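Mapping to the UniProt record's numbering: the sequence shown position 195 is 195, numbers consecutive.
For reference, the structure is listed below as structure tokens.
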Amino acid sequence: MAKARFLKPAGEELNLNSKNAVERVNGSDGKSYPASYTAHRDAIRRAIEADPHATNTAIAKRMHSARDTVIAVRREIAGQIVDARYAAMCTAIAECYRVDEVKDLRDKARALEVYTRQAQNREAERRAAEIRLRAERRAGELLLKQTKAEGTRSQLRGRDASGGRIERPPEARAQTLREKGISKDQGSDWQKLATLPEQTFEAALADQKQPPTTTSLVKLATQAGPRYSVTAMDGSTSMNPMSLWVWDLVRGFERKCLAQEEPIAVFGGMTQTMQADLARLVPGLLDWFARLPIDTVKP
């Protein structure tokens, strides 16, 4: 009978009788793995972080690992990066009042989008695209304000869903846009995104069947009428930031498959300080969620 073979952490001799080889830990997928396997994945993570441009094959050879394991670790890293930056970047975009600042955030979101695509993490890629689209829309809002403030004559490029003018930046302002790294077509498209009603825009981002793109949202903005019809319960025409945050938080539970995790194991993996925080906060949160009128929502 062939002996079981465990992958060893880089730079360490593997002893099948060692504590790491015998002890088992629970993975995020609910399965049990030798502690040495976890140590090996941690070593792969460090190798990726030290040389993020290295290919999966190169990392696999360097770490004496399977390429699929490297891909899985890279996918996990990509998801964690997006989760950590999503809320902060969206908030920063909403608070920007300079086109160059929004453009910088947009470029960072685009780089994140490319990274998550290379990591083959589709959900993280979608969330990175959401950040980029929010930045493009915010840039469009600022460009429209600049056009009105300058009072310059722009070139008519069409009409939006409400019949308003979609204008192409005049040559003088186009030169300024080029200095910021924004092309004429980008400036025009982003202004079109800015004409979308906020709830129409948010509904498009939430569409799970058709991941949004700049092209699809520009097309939506130029249609005769909105494709999405979303009305808040309080009748407001703008999205409450807290409503959006809570919605995305709960969706995060679904993305992490929280319902499939064993609560005792999750709680047991926390420090005493973390457990104390949950003991203090969870009862109030449960009461708050219990008061949500979800029974009034039609399936």
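Glycine residues also receive a C-beta, built at the ideal position from the N, C-alpha and C atoms.
Note that the coordinates shown come from a computational prediction; the quantities given were computed from them, not determined experimentally.
> In whole angstroms, what is the alpha-carbon distance linking P197 and V218?
Replying inline: For this step, residue 197 is matched to residue 197 along the sequence shown. For this step, residue 218 is matched to residue 218 along the sequence shown. Each residue's alpha carbon lies about 12 Å from the other.
>> So the candidates are E101, A128 and D104; which of them puts its Cα closest to the Cα of V114?
In response: The sequence position of residue 114 within the sequence shown is 114, counting from 1. Nearest C-alpha to V114: A128.
>> Using a 10 Å radius around the Cβ and a threshold of 16 neighbouring Cβ atoms, would you call R227 buried or exposed?
In response: Counting from one through the sequence shown, the residue named residue 227 turns up at place 227. Residue placement at R227 is flagged as unreliable, the pLDDT there being 42, under the threshold of 50; a coordinate-derived value is accordingly withheld.
> Just checking my contact of R291 with E123 at CB under 8 Å: how many whole Å lie between their CB atoms?
Replying inline: On the sequence shown, position 291 is the one that residue 291 refers to. On the sequence shown, position 123 is the one that residue 123 refers to. 30 Å between Cβ atoms; not a contact.
> With DSSP run on the structure shown, which of helix, strand or coil describes M270?
Replying inline: For the purposes of this step, residue 270 is taken as the residue at position 270 of the sequence shown. It is coil, neither helix nor strand.
> Of the choices F253, D107, L193 and T55, whose alpha-carbon is the least far from that of I182?
Replying inline: On the sequence shown, residue 182 is found 182 positions in, with the first residue counted as 1. Among F253, D107, L193 and T55, the Cα nearest to that of I182 belongs to D107.
> In whole angstroms, what is the alpha-carbon distance linking T176 and V82?
Replying inline: The count along the sequence shown starts at 1 and reaches residue 176 at position 176. The count along the sequence shown starts at 1 and reaches residue 82 at position 82. Rounded to the nearest angstrom, the two C-alpha atoms are 32 Å apart.
> Apart from the five residues just before and just after L193, which ones in its own chain have a Cβ nearer than 6 Å to its Cβ?
Replying inline: Translated into positions along the sequence shown, residue 193 becomes position 193. So the list reads E136, R137, G140 and L217, once near-sequence residues are dropped.
> The alpha helix (DSSP H) with N56 in it runs from where to where?
Replying inline: Along the sequence shown, one-based indexing puts residue 56 at 56. Per DSSP, N56 belongs to the alpha helix (DSSP H) from N56 to M63.
>> Within a Cβ cutoff of 6 Å, which residues of the same chain sit near V22, ignoring the five residues on either side of it in sequence?
In response: If you number the sequence shown from 1, residue 22 lands on position 22. Note on V22: pLDDT 44, under 50, position unreliable in the model; the coordinate value appears next. Cβ neighbours of V22 beyond the five flanking positions: none.
> If you drop the 5 nearest sequence neighbours on each side, which residues of the same chain put their C-beta closer than 6 Å to that of Y86?
Replying inline: The residue labelled residue 86 in the question sits at position 86 within the sequence shown. If we look at Y86 and ignore the five residues flanking it on each side, its Cβ neighbours are R127.
> For A78 versus N121, is the C-beta distance shorter than 8 Å?
Replying inline: Here residue 78 refers to the residue found at position 78 when the sequence shown is read from its first residue. Here residue 121 refers to the residue found at position 121 when the sequence shown is read from its first residue. Yes, Cβ-Cβ distance for A78 and N121 is below 8 Å.
> According to the neighbour-count rule (16 or more other Cβ atoms, all chains shown, within 10 Å of its Cβ), is A88 buried or exposed?
Replying inline: Here residue 88 refers to the residue found at position 88 of the sequence shown. Exposed, since its Cβ has fewer than 16 Cβ neighbours within 10 Å.
>> For R117, which residues in the same chain have their Cβ closer than 8 Å to its Cβ, ignoring the five residues on either side in sequence?
In response: Taking the first residue of the sequence shown as 1, we reach residue 117 at position 117. E125.
> Under the three-state reduction of DSSP, which class applies to E130: helix, strand or coil?
Replying inline: The residue given as residue 130 occupies position 130 in the sequence shown. E130: helix per DSSP, three-state reduction.
> To the nearest whole angstrom, what separates the beta carbons of K103 and K180, a pair I think is in contact under 8 Å?
Replying inline: Position 103 of the sequence shown, counted from the start, is the residue given in the question as residue 103. Position 180 of the sequence shown, counted from the start, is the residue given in the question as residue 180. Right, the Cβ-Cβ distance comes to about 6 Å (below 8 Å), so this counts as a contact.
> Roughly how many angstroms separate the alpha carbons of T213 and L142, rounded to a whole number?
Replying inline: Counted from its first residue, the sequence shown places residue 213 at position 213. Counted from its first residue, the sequence shown places residue 142 at position 142. So the alpha carbons of these two residues sit roughly 20 Å apart.
>> Counting C-beta neighbours from all protein chains within 10 Å, is the total for T215 16 or more, i.e. buried, or is it exposed?
In response: On the sequence shown, position 215 is the one that residue 215 refers to. Burial call: exposed.
>> Give me, in chain order, the residues of the same chain whose beta-carbon lies closer than 7 Å to that of V99; leave out the 5 immediate sequence neighbours on both sides.
In response: Along the sequence shown, read from residue 1 onward, the residue named residue 99 stands at position 99. Here the set comprises A139, L142, L143 and K180.
> Roughly how many angstroms lie between the CA atoms of residue 301 and A39, to the nearest whole one?
Replying inline: No statement about residue 301 is possible, as the shown extent of the chain runs from 1 to 299 and does not include it.
> In whole angstroms, what is the alpha-carbon distance linking D287 and A265?
Replying inline: Your numbering for residue 287 matches position 287 in the sequence shown. Your numbering for residue 265 matches position 265 in the sequence shown. Going from the Cα of D287 to the Cα of A265 covers about 23 Å.
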